[in-house]
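Scroll down for the structure; my scribbles are underneath it.
Protein chains in written order, with the numbering used here: chain A, 1 to 260; chain B, 261 to 633.
Right, here's the structure in full:
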């Protein structure tokens, strides 16, 4: 029992050490291996386009349909875009982008790296003098950290677009009025940190995925296991990071006095 | 690994990233526009006792137009000082905000969204300068609203009560009129009195006064005044107070003159009235007026004693008129004989004269007023 607890503690320490080394190697990787970063970025961001847009439009449509009935009962259906705007841009958009990338890349990264580990590619790279940290982990992490904010913007836009489509189909607001009302409650101090915080999500997804893959055992079963736990761990990491980051942002913007 | 992607794919990635960043930038610019951060603006200050939970960034309206935002909230320096709001407003609306403009905190919609509403000042006053202070009105708190509503409801209630009391009085007067001759009823319907009655619901007790005034006027108008003279229908308060006339009076004790609690004269009472009647036959001046006023003490029901004294006064009047014809002062000359029961409430105006005459509260006064002119 105690040994298990100590092992856990050791693992957490190793993970923190790993994450710090990735963080430190980010500038180096950006400077020396931009090509690798670009490849990974294309894989994370561009290829996530369909799922992100689909998820966004779906959220917008469904939120509109669900809330319109309730708000219409109070004669306040014209405030729907205001609420939709706040809900999507402040919370749902960043969260959904983080979760989508976590489920897509958490599995992908863990499986890829554990397969490399299985066929001894990583050992070969170390012998050849190429740092797997710099060449494999850092570019993937950078790509994730860069892609998630961009995907967040896309989810926000497509969710508001979905809401607009529903409004045009079943509501009575014009697109201009919809746009005006959607911005009613929005403040820069809410949406800019909310969008940028997803960078943290992306970084964690990359680090957790790679770490899970690199520490997998050498068997086909272990690869599958690594893929599964890569998804679970990176999703949990996103949730946990959200819990930590949001109060932090609020504390900072309060102390700075940024209310606009 | 050294794997490189092709040129077109790299460019596609870059275009994707730039497009998304552009989209975000466009959205931020739109939002900045909505918050008056990119347009030309001007600033005004407004001071409030309480800002009712407003935040920096909440909206400001001018006559309902979206006109700006609250830029910052300056807390008071010391307790008791007001909170200051700095408002950032659209430059294009500056000519509307005069130096006597008023800022007001209002709630909007069922979610209770708070915002600042600016009411522009008069066109004759100069436009406000940048960072000038405009007047302010406090927020319409729900609690305040409830208090105000309760207060006005109370006032409405008391008005209605007054109006009801007034209606009862008027109905009594009108009833007594309509019991009389038909011409009177017509007069009432045709007169301004009718309109006054109709507007009673609006003006409450005032209308009652007006109606009474009209009635008084009618009482002193010729054919009707005869009727009132006959009925001895007088202004109760005025009748005992006639400063311009000589006042001579005789008093009868109620306990001696009437059967206890009734308006029937006893033998002793009749004898006393015979004396009074003989005294009257000496007074033959035609313009004299006779007032028979009955009083009682404060024991017993007020309404009962009111009716009882009236009946007693009537009984005295009937006896004197029948037996001694005190209502005529010679051939073809009438004399006013008024019989009034005052109950336990002697009239305020004539209190001096009444208390001079006698101290016994249960009595009937027979008063002869002789004008000095």
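Just so you know, even glycine gets a beta-carbon here, dropped at the ideal spot from N, CA and C. Computed from a predicted model, the values in this text were never measured in an experiment.
**Report entry** residue 33 of chain A at chain B interface by Cβ criterion, 7 Å
**Finding:** At a cut-off of 7 Å between beta carbons, residue 33 of chain A makes no contact with chain B.
Query - Segments assigned alpha helix (DSSP H), at least 4 residues, entirely inside the stretch 105 to 130 of chain A - result: 121 to 127
Query - Beta-carbon separation (whole angstroms), residue 206 of chain A vs residue 145 of chain A, contact threshold 8 Å - result: Yes, residue 206 of chain A and residue 145 of chain A are in contact; Cβ-Cβ is about 7 Å, under 8 Å.
Query - Cα-Cα separation between residue 492 of chain B and residue 550 of chain B, rounded to whole angstroms - result: Reliability fails at residue 492 of chain B, whose pLDDT of 48 lies under 50, so the model's placement of it is uncertain and no value is given.
Requested in this report: Have a look at residue 123 of chain A and residue 134 of chain A and give me their C-alpha separation to the nearest angstrom.
Outcome: 14 Å
Query raised in the report: Along chain A, in chain order, which residues have C-beta atoms closer than 8 Å to that of residue 273 of chain B?
Result: 38, 41, 42, 45 and 46
Query raised in the report: What residue from A:26, A:9, A:37 and A:88 has the CA that sits closest to residue 270 of chain B's CA?
Result: A:37
Query raised in the report: Does the stretch 346 to 362 of chain B come close enough to the stretch 299 to 313 of chain B to have 3 or more Cβ pairs within less than 8 Å?
Result: The stretch 346 to 362 of chain B, when compared against the stretch 299 to 313 of chain B, does touch it at the 8 Å Cβ threshold.
Query raised in the report: Buried or exposed: which applies to residue 394 of chain B, given that a residue is buried once 16 or more other Cβ atoms fall within 10 Å of its Cβ?
Result: buried
**Report entry** For residue 15 of chain A, the three-state DSSP class (helix, strand or coil)
**Finding:** helix
Query - Spatial neighbours of residue 570 of chain B in its chain, beta-carbon cut-off 6 Å, leaving aside the 5 residues before and after - result: 601
Report task. Please name the residue or residues paired with residue 563 of chain B in a DSSP beta bridge. Result -> The partner list for residue 563 of chain B (beta bridge, DSSP) is empty, contrary to what the question assumes.
Requested in this report: In angstroms with no decimal places, state the Cα-to-Cα distance between residue 8 of chain A and residue 21 of chain A.
Outcome: 20 Å
Query - Minimum C-alpha distance to residue 42 of chain A - residue among A:117, A:151 and A:257 - result: A:151
Query - Proximity below 7 Å, CB of residue 388 of chain B to CB of residue 357 of chain B - result: At the C-beta level, residue 388 of chain B and residue 357 of chain B come within 7 Å of one another.
**Report entry** Range covered by the beta strand (DSSP E) that runs through residue 549 of chain B
**Finding:** 549 to 555
**Report entry** Per-residue burial, residue 229 of chain B [other beta carbons within 10 Å of its own, 16 or more giving buried]
**Finding:** Any property of residue 229 of chain B remains undetermined from this structure, which presents chain B solely from 261 to 633.
Report task. Could you tell me whether the Cβ of residue 186 of chain A comes closer than 7 Å to any Cβ of chain B? Result -> Among the CB atoms of chain B, one or more fall inside 7 Å of the CB of residue 186 of chain A.
Query raised in the report: What whole-angstrom Cβ distance do residue 280 of chain A and residue 26 of chain A have, given they're in contact under 8 Å?
Result: Given that chain A is displayed from residue 1 to residue 260, the structure contains no residue 280 of chain A and the question cannot be resolved.
Query raised in the report: Relative to chain B, which residues along the stretch 241 to 256 of chain A have a C-beta separation below 9 Å, given in chain order?
Result: none
Query raised in the report: Using a C-beta cutoff of 7 Å, does residue 87 of chain A count as contacting chain B?
Result: No, because no Cβ of chain B sits closer than 7 Å to the Cβ of residue 87 of chain A.
Query raised in the report: Who pairs with residue 156 of chain A in a beta bridge, going by DSSP?
Result: Looking at the DSSP output, residue 156 of chain A bridges to nothing.
Report task. Using a Cβ-Cβ cut-off of less than 7 Å, list which residues of the stretch 155 to 169 of chain A approach chain B; keep chain order. Result -> Listed by position along the chain: 157.
Query raised in the report: Can you give the Cα-Cα distance for residue 96 of chain A and residue 155 of chain A, rounded to whole angstroms?
Result: 8 Å
**Report entry** Bridge-paired residues (DSSP) for residue 344 of chain B
**Finding:** B:307 and B:334
Query raised in the report: Can you give the Cα-Cα distance for residue 268 of chain B and residue 115 of chain A, rounded to whole angstroms?
Result: 29 Å
Report task. With DSSP collapsed to three states, give me the class of residue 132 of chain A. Result -> helix
Query raised in the report: Is the stretch 64 to 80 of chain A in contact with the stretch 163 to 182 of chain A, if contact means three or more CB pairs nearer than 8 Å?
Result: yes
Query - CB contact below 7 Å: residue 279 of chain B versus chain A - result: no
Query - Cβ neighbour criterion (16 or more within 10 Å) applied to residue 340 of chain B - result: exposed
**Report entry** Under 7 Å between C-beta atoms of residue 226 of chain A and residue 213 of chain A
**Finding:** yes
**Report entry** Cβ pair count under 8 Å reaching 3, the stretch 407 to 418 of chain B against the stretch 377 to 392 of chain B
**Finding:** no
Report task. Go through its chain and collect everything with a Cβ distance to residue 238 of chain A's Cβ below 8 Å, but skip five positions before and after it. Result -> For residue 238 of chain A, the CB contacts under 8 Å within the same chain, skipping 5 residues up- and downstream, are 95, 98, 99, 102, 201, 204 and 205 in chain order.
Query raised in the report: Since residue 326 of chain B sits in a beta bridge, which residues does DSSP pair it with?
Result: B:321
Query raised in the report: Within the 7 Å Cβ cut-off, does residue 153 of chain A reach chain B?
Result: At least one CB of chain B lies nearer than 7 Å to the CB of residue 153 of chain A.
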